[in-house]
Amino acid sequence: MHGSAEVAGAGVVVVGSINVDQVVTVDRLPLPGETLIGTSMTLLPGGKGANQAVAAARRGAATTMIGAVGDDVHASAALPLLVGSGVDVERVAVTEGPTGLAVVSVGSDSENTIVVVPGANASVDEEAVARHADVVSRAAVVVLQGEIPVSGIERAARLATGRLVLNLAPVVAVSAEVVRLADPLVLNEHEGRLLLELVAPEAAERLAGRDASDDSTGASPAAASSGASAASSDSSSGADAAVVGELRALGVASVVLTRGAAGALVSDASGSWSVPSPQVRAVDSSGAGDAFVGALSAALAAGSSLLEAAQEAVRVGAYSVTTAGTQPSYPGVDDELPSTDEQVTALEVRA
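Under the working numbering, the residues of the sequence shown are numbered 1 to 351, in order.
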């Protein structure tokens with residue numbers, strides 16, 4: 001397959017999933033066992049890998065996609081925005097069987113649930129990645145997620161000689177050695193704890209003990225109802241900083257912990273910070289994390305520091321939730337991003 005970018009010298013190489021998203025909108029998300037009537041259904045290109053590639057390319061990075069689609073009718077729906085955004089798709093394979101499918105339900109409050117059927121993404125294993133060792137090893141930034149086989153993730157991580165952005169979403173059982181190759185490791189607050197349970201159970205136990213202590217000394221319901229939100233926010237930030245600290249203590253060079261509307265925590269050898277996000281009216285939060293990762297990777301490939309890259313990425317993520325869909329909602333370099341008056345604050349993280 002052929003896109004518009006050159007393979008040689010690609011700044012960002014994304015090794016990951018390509019899906020078609022079946023997006024169903026509902027007034028509210030269903031409870032277990034409940035049937036609801038949806039208000040609309042749309043087929044859109046998706047997959048965390050493809051989303052991140054589109055987001056990186058739209059932010060100006062020369063981007064190559066390595067992945068697979070099936071030989072079914074959905075394949076043609078999976079690629080147009082990749083190609084249209086300038087992503088090189090020459091190394092996207094066509095395999096026998098279905099293209100990956102994500103069934104996405106979006107409520108009127110912009111919250112979503114997602115069920116992913118891997119399809120062709122299951123073929124992006126160690127052997128498939130090895131066929132593209134040349135482009136992976138030459139990339140300035142290699143981007144990985146958790147929607148392809150672990151063997152493919154680990155092979156790509158070991159082939160990378162540039163910066164490795166490892167976004168373990170969903171969290172899969174990669175080795176601690178591969179986790180330590182990340183620079184940065186990008187997770188949300190829930191994924192950070194899940195990863196620690198897999199690779200550092202003792203650290204997860206320490207966090208659980210801290211959480212229990214925080215709960216036992218927290219504000220009373222009466223205090224909370226009278227406006228103790230600032231204390232609650234500080235407690236949440238402190239708990240998330242503890243997750244970052246435990247991840248850094250594993251030997252990870254840098255960590256970015258995304259926190260939705262609260263922004264992100266960033267930690268590397270130069271320091272640790274809380275990066276606020278612009279506050280916007282959210283329409284659809286699906287794909288916002290991928291917008292963040294793609295923008296972060298593009299900025300790193302352009303030479304930004306991790307803190308600078310995260311400051312841009314939170315703005316891109318905020319922009320993406322203001323319209324429906326994943327890839328269609330990602331901003332180009334000429335789009336005006338939302339901003340915030342809040343300042344980056346230094347954070348105490350014990351690594």
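In this text, a Cβ means the ideal position worked out from N, Cα and C, and glycines have one as well.
Helix, strand or coil at residue i [DSSP, three-state]
i      : result
Gln22  : strand
Ala62  : coil
Pro30  : coil
Ser272 : strand
Val316 : helix
Gly38  : coil
Val321 : coil
Leu337 : coil
Val12  : strand
Asp284 : coil
Gly332 : coil
Gly100 : strand
Asp290 : helix
Asp134 : helix
Leu196 : helix
Glu147 : coil
Ala295 : helix
Ala302 : coil
Gly251 : coil
Leu207 : helix
Asp240 : helix
Residues sharing a beta bridge with residue i, DSSP
i      : result
Asn188 : Thr258
Ser105 : Val24 and Thr113
Arg163 : Val141
Gly70  : Thr95
Ala264 : Thr258 and Val275
Pro45  : Val20
Val346 : The displayed chain sequence assigns Ala, not Val, to residue 346. BP columns for Ala346 point to Trp273.
Asp88  : Thr64
Own chain, CB closer than 7 angstroms to residue i, minus 5 neighbours either side, in chain order
i      : result
Asp240 : Glu189, Leu257, Arg259 and Leu265
His132 : Ile66 and Arg91
Val354 : Here the chain comprises residues numbered 1 to 351, so residue 354 is not present and cannot be evaluated.
Arg155 : Glu126, Val129 and Ala130
Asp290 : Lys48, Asn51, Gln52, Ala55 and Thr326
Gly70  : Thr95, Gly97, Pro98, Thr99, Gly119 and Ala120
Close-in-space but distant-in-sequence residues of the same chain around residue i (CB under 6 angstroms, 5 per side omitted)
i      : result
Asp27  : Ser108
Pro170 : Gly146
Ala318 : Ser277, Pro278, Val280 and Pro338
Leu68  : A quick correction: the sequence has Ala, not Leu, at residue 68. Correct list, in chain order: Ala93, Thr95, Ala120, Ser123 and Val124.
Ile37  : none
Leu159 : Ala133, Val136 and Ser137
Asp72  : Pro98 and Thr99
Val394 : Given a span of 1 to 351 for the chain in the structure shown, any question on residue 394 remains unanswerable.
Ala309 : Leu296, Ala299 and Leu300
Val116 : Ala102
Thr35  : none
Ser254 : Asp183, Pro184, Asp268 and Leu306
C-alpha gap between residue i and residue j, whole angstroms
i      : j      : result
Thr161 : Val15  : 14 angstroms
Val275 : Thr42  : 34 angstroms
Thr64  : Ala128 : 15 angstroms
Arg163 : Ala299 : 12 angstroms
Arg210 : Ser237 : 13 angstroms
Ala130 : Asp341 : 46 angstroms
Gly33  : Val104 : 17 angstroms
Ala269 : Leu79  : 38 angstroms
Leu144 : Ile153 : 7 angstroms
Ala204 : Val172 : 16 angstroms
Leu101 : Ile18  : 8 angstroms
His74  : Ala301 : 32 angstroms
Val83  : Val89  : 7 angstroms
Gln343 : Ser297 : 22 angstroms
Val20  : Ala176 : 31 angstroms
Leu347 : Ser272 : 5 angstroms
Ser110 : Leu250 : 35 angstroms
Pro201 : Leu307 : 29 angstroms
Phe292 : Ala324 : 16 angstroms
Thr25  : Ile114 : 12 angstroms
Contact set for residue i: own chain, Cβ-Cβ below 8 angstroms, skip 5 residues either direction
i      : result
Val358 : Since the first residue of the chain shown is 1 and the last is 351, residue 358 is not available in this structure.
Ser304 : Glu312
Pro328 : Leu44 and Leu81
Val31  : Inspection of the sequence shows that residue 31 is occupied by Leu rather than by Val. Counting only Cβ-Cβ distances below 8 angstroms, and skipping sequence neighbours, we find nothing.
Integer Cβ distance of residue i from residue j, believed to fall under 8 angstroms
i      : j      : result
Leu166 : Val136 : With 8 angstroms as the limit, Leu166 and Val136 do not qualify as a contact, their Cβ atoms being about 13 angstroms apart.
Val12  : Ala157 : Contact flag wrong, Cβ pair sits at about 15 angstroms.
Ala53  : Gly294 : 7 angstroms
Ser285 : Asn112 : 6 angstroms
Val199 : Val106 : Not quite, the Cβ-Cβ distance comes to about 32 angstroms (not below 8 angstroms), so this is no contact.
Gly263 : Val333 : That belief does not hold up - the Cβ atoms of Gly263 and Val333 are roughly 22 angstroms apart, past 8 angstroms.
Val283 : Val316 : Not quite, the Cβ-Cβ distance comes to about 16 angstroms (not below 8 angstroms), so this is no contact.
is_contact[residue i, chain D] using C-beta, thresh 8 angstroms
i      : result
Leu159 : Absent from the structure: chain D. Only one protein chain is present.
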